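As structure tokens, the structure follows; a few thoughts come after it.
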Amino acid sequence: MLQGATDKMSGSLVSGTCSGSEEVSDLKSPLSSRFREPLTHARFQELYGGAEEPEVPAEPRLPWLCGLWRRRAGCCSGPGAWRVLLARLPPLRWLPHYRWRAWLLGDAVAGVTVGVVHVPQGMAFALLTSVPPVFGLYTSFFPVLIYSLLGTGRHLSTGTFAVLSLMTGSVVERLVPDPLAGNLSEIEREQLEARRVGAAAAVAFGSGALMLAMFALQLGVLSTFLSEPVVKALTSGAALHVLVSQLPSLLGLSLPRQIGCFSLFKTLAAVLTALARSSPAELTISALSLALLVPVKELNVRFRDRLRTPIPGEVVMVLLASVLCFASSLDTRYNVQVVGVLPGGFPQPLFPTLDELPRILADSLPIALVTFAVSTSLASIYADKYSYTIDPNQELLAHGVSNLISSLFSCFPNSATLATTSLLVDAGGNTQLAGLFSCMVVLAVLLWLGPFFYYLPKAVLACINISSMRQMFFQMQELPRLWHISRVDFAVWMVTWVAVVTLNVDLGLAVGVVISMMTVVCRTQRVQCLALGLAEGTELYRPLRESRKVGGSAKEGRSDSQDAPDSQTLQLLQVPGLCILSYPTPLYFATRGQFRHILEWHLGLGERSKQSPKLGSLPDKGAEPIRVVVLDFSGISFADAAGAREVVQLTRRCQDAGICLLLAQCNALVLETLTRAGLLERMTPDQLFVSVQDAAAHALERLVRQEPGGAGLREGGPAE
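Take the sequence shown: its position 443, counting from 1, is numbered 866 in our numbering, and each next residue is one higher.
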């Protein structure tokens, strides 16, 4: 009966490759003539392996040091030095191919437009950082200039970013808090501001140094660990923090800044308590500013295709508010807080005080991760859209050098910005050359136009902060679609957002990353080991569950589907004594226990085989015992030492139980790990096969050579 079963399965295999059914019915030769010779890994290497490599001298005891020395020596040559320059200075690659006639005007217009927006936003985000507004202009100049020389994102706009400014401001307020004594003299106020500027610069120095260390270790792959739901939930939650933190400035209240966990609720409570002391003048300025900025933002979005350049609502608002405050003397008559004097020129280069560095390293790490995650994800979006590639490791270098050098000029941490990047693309920017035109606009303000911003009310800057968060707030509109696509990603988004809003931005980021990683681990824990059967008339092996589902529906509705074509009914063939299993997940320390449990259940090994796992039901008590098992390892991308030892132990237990174990489709990395764990001490290379089809053919031959007793061929799923 087993001979007939294997003949039927053999015919199915042959029918998938022969030209007609008559050839199949006429095949009376032994089984070995119906199949090509099963292809093992050893035979594959013998037939298709490359030419033998010439013998090389033995490597020293530290080969990685020799490889590093050879790379360093190669860089010292002329061609090697040029390759390093091309890799580390991207303008050397794109500038020779720059289309001057087609791109120059677009880069100039986009750069000037972004530069005009950088001026009010830089001053506004400086208030979030708890430093004077002029340092926001410095941060809008030096980092943009450095990134234009080192960055690979052609459409990326860098500078001040609200999320980073908020995170840095929390660190600054913790390191340099407001004194308990209320009123400060002018000298004491200047000393306090100088200490805060030094703390913000130290944070930028620390985050830049961390990114350079990540670049040296080639850790650009870390960008993959910050998933899209985590980044979007982080920015959306931080936008709510920005909104609440600007409420005192909108209402004209002088309140101490709340830091730490639950700071958002503490700020709300303080604002509600002091609401009666709000300034009517600043409240009116804030209402009028928002009434102008929000509609202009909406017009720029709705008529993006029709407008050559977006309407500069921030610039118009800054000019109108400055003129109104100057003409009405609002600063003296109604005590409206204004920007004041903006020092002309550039600050003297000053090395940040290293005394604060050990205290801020823990705070610099989340800032560095947010900088890298936001910048890399934003650059990747536009790189995919405009068909070019970015280098994550080069982005680490660009942002690391940008933060490190700009910190010497009293700048706070910077990164790519969502609003100005979108503005640059809409205005026609094509390359990093637009950043140079943006720097020219900021430079003009620093050298000549600074006195014109003396009477600018700080409430207007707070309104600019809030209106710039518009895109981040609207990210919540994607939640229904995310729920429809993946509820796991939806849960990650919600947990991260709640953690950011409830705790803080840096703690929320840590919670989001941990939850995201836990979902990956949980998914590998919930994987199902699939039993495979041969689809009749093909050479394809499909999960037996499909046969049970399709066959069941066909039987239940036979009266309605008798005229249905045979192609709609999937019949899978299974030989008694043969079990083909596919384990579609990495085999490592966290999944080794599940792997052992599932294999024990399928093969009837040990006491745990009597217990039905959650993934299926018990096998048929009257079924023939398993004599040959084929493990399809095509879904195992990697295996660690614990997983490899588990496979070796399974091989030993199969030998003791009289079961022949065959492995199919092991990739080179997994096979090497299994070999080092001692797999070939338990099985021969002839038990390793290139494909499931070859392993199944070898298993059929083995079953035919053994005693022919059996229960006959089963169609559909395994008997239950």
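All C-beta atoms, glycine included, are put in the ideal place defined by N, C-alpha and C. On a predicted model such as this, the values are computed, not experimentally measured, just so you know.
(message) What does the Cβ neighbour count give for THR920, buried or exposed, with the cut at 16 atoms within 10 Å?
(response) Here residue 920 is Trp; the residue named in the question, Thr, does not match the sequence. Buried, since its Cβ has 16 or more Cβ neighbours within 10 Å.
(request) List the residues that DSSP assigns as beta-bridge partners of PHE1112. (result) Beta-bridge pairing links PHE1112 to THR463, ALA1087.
(request) Return the Cβ separation of LEU869 and LEU560 in integer angstroms, given the expectation that the two are a contact with Cβ distance under 8 angstroms. (result) Between LEU560 and LEU869 the Cβ distance is about 6 angstroms, and since that is below 8 angstroms, they are a contact.
(request) Would you check if the distance between the CB atom of THR581 and the CB atom of PHE835 is smaller than 7 angstroms? (result) The answer is no: Cβ separation not under 7 angstroms.
(request) Answer with buried or exposed for LYS655, where buried requires no fewer than 16 other C-beta atoms within 10 angstroms of its C-beta. (result) With 16 or more Cβ atoms within 10 Å of its Cβ, LYS655 is classed as buried.
(request) Would you mind sorting GLY767 into buried or exposed? The rule is 16 or more other CB atoms within 10 Å of its CB. (result) Burial call: exposed.
(message) Please classify THR1107 as buried or exposed, where buried requires at least 16 neighbouring CB atoms within 10 angstroms.
(response) Answer is exposed; the Cβ neighbour count stays below 16.
(message) What does the Cβ neighbour count give for ARG522, buried or exposed, with the cut at 16 atoms within 10 Å?
(response) It counts as exposed.
(message) Here's the rule I'm using: 16 or more other beta-carbon atoms within 10 Å means buried, otherwise exposed. How should LEU1126 be labelled?
(response) With a 10 Å radius around the Cβ and a threshold of 16 neighbouring Cβ atoms, LEU1126 comes out buried.
(request) Look at the Cβ atom of ASN826, then the Cβ atom of PHE638, and state whether they are nearer than 7 angstroms. (result) No. Outside cutoff.
(request) Within its chain, find whatever has a CB closer than 6 angstroms to the CB of MET634; leave out the 5 residues flanking it on each side and keep chain order. (result) Its chain contains ALA791, LEU819, HIS822, GLY823 as the residues whose beta carbon lies nearer than 6 angstroms to that of MET634, once the 5 sequence neighbours on both sides are disregarded; these appear in chain order.
(message) Counting beta carbon pairs with one atom in the stretch 1080-1098 and one in the stretch 1055-1070, are three or more of them shorter than 8 angstroms?
(response) Yes: the two stretches touch, three or more of their Cβ pairs being nearer than 8 angstroms.
(message) Tell me the residue span of the alpha helix (DSSP H) that contains LEU953.
(response) For LEU953, no alpha helix (DSSP H) run applies; the uninterrupted beta strand (DSSP E) run containing it begins and ends at 953-958, by DSSP.
(message) Rounded to the nearest angstrom, what separates ASN723 and PHE584 at their Cα positions?
(response) Distance between the alpha carbons of ASN723 and PHE584 is about 20 angstroms.
(request) With DSSP collapsed to three states, give me the class of PRO880. (result) The answer is strand: DSSP assigns PRO880 an E or B state.
(request) Excluding the 5 residues preceding and the 5 following ARG618 in the sequence, name in chain order all residues of the same chain whose CB lies nearer than 7 angstroms to its CB. (result) Short of 7 angstroms from the beta carbon of ARG618, and not among the five residues preceding or following it, lie these beta carbons of its own chain, in chain order: VAL599.
(request) Assign ILE887 to one of three DSSP states: helix, strand, or coil. (result) Note: ILE887 maps to helix in three-state DSSP.
(message) What would DSSP say about LEU765, mapped onto helix, strand or coil?
(response) LEU765: coil per DSSP, three-state reduction.
(request) Quick one: measure Cβ to Cβ for CYS862 and LEU713, integer angstroms, because I've assumed they're closer than 8 angstroms. (result) CYS862 to LEU713, Cβ: 30 angstroms. No contact.
(request) Over the uninterrupted beta strand (DSSP E) stretch that includes SER1057, give me the two end residues. (result) First-last for SER1057: undefined, no H or E at that position.
(request) Please state whether DSSP places PRO966 in a helix, a strand or coil. (result) The three-state secondary structure of PRO966, taken from DSSP, is strand.
(request) Apply the 10 Å Cβ neighbour rule to GLY683 and answer buried if 16 or more other Cβ atoms are within range, or exposed otherwise. (result) Exposed, by the Cβ-count rule.
(request) Drop a sphere of 10 angstroms on the beta-carbon of ILE1003, count the other beta-carbons inside from all chains shown, and report buried for 16 or more, exposed for fewer. (result) Buried, since its Cβ has 16 or more Cβ neighbours within 10 Å.
(request) Tell me whether the beta-carbon of LEU674 lies closer than 7 angstroms to the beta-carbon of LEU695. (result) Taking 7 angstroms as the Cβ cut-off, LEU674 and LEU695 do not qualify as a contacting pair.
(request) Go through its chain and collect everything with a Cβ distance to ARG597's Cβ below 7 angstroms, but skip five positions before and after it. (result) Excluding sequence positions up to five before and after ARG597, its CB lies within less than 7 angstroms of the CB of ILE682, all in the same chain and listed in chain order.
(request) Identify whether SER838 lies in helix, strand or coil by the three-state DSSP scheme. (result) In this structure, SER838 counts as strand in the three-state DSSP scheme.
(request) Determine the direct distance from the alpha carbon of CYS1083 to that of LEU645, and round the result to whole angstroms. (result) Computed Cα separation, rounded: 42 angstroms.
(message) Taking CB distances under 7 angstroms as the criterion, tell me whether TYR757 reaches chain C.
(response) You won't find chain C in this structure, because it holds only one protein chain.
(message) Using 7 angstroms as the threshold, is the C-beta distance between TYR805 and HIS578 below it?
(response) Their beta carbons are under 7 angstroms apart, which means TYR805 touches HIS578 by this criterion.
(request) Could you pull the start and end residues of the alpha helix (DSSP H) that ILE783 belongs to? (result) Taken as a continuous stretch (DSSP letters only), the alpha helix (DSSP H) holding ILE783 covers 780-808.
(request) Could you name each continuous alpha helix (DSSP H) segment of 4 residues or more that falls completely within the stretch 633-700, going from the start of the chain to the end? (result) If we require 4 residues or more, the alpha helix (DSSP H) runs fully inside the stretch 633-700 come out as 651-668, 670-674, 686-696.
(request) Please say whether LEU550 and LEU884 have beta carbons closer to each other than 7 angstroms? (result) Yes; because the gap between Cβ atoms is below 7 angstroms, this pair is in contact.
(request) Just tell me which of SER553, TYR964, SER810, MET941 has its CA closest to the CA of PHE648. (result) Ranking the options by Cα distance to PHE648, first place goes to MET941.
(request) State the DSSP-derived secondary structure class of SER1005, mapped to helix, strand or coil. (result) Correct three-state label for SER1005: strand.
(message) Beta-carbon within less than 6 angstroms of ASP814's beta-carbon, same chain only, minus the 5 sequence neighbours each way: which residues are those?
(response) These residues qualify, in order along the chain: THR575.
(message) On the DSSP letters alone, give me the boundaries of the alpha helix (DSSP H) that GLN948 sits inside.
(response) For GLN948, the enclosing alpha helix (DSSP H) stretches over residues 928-948.
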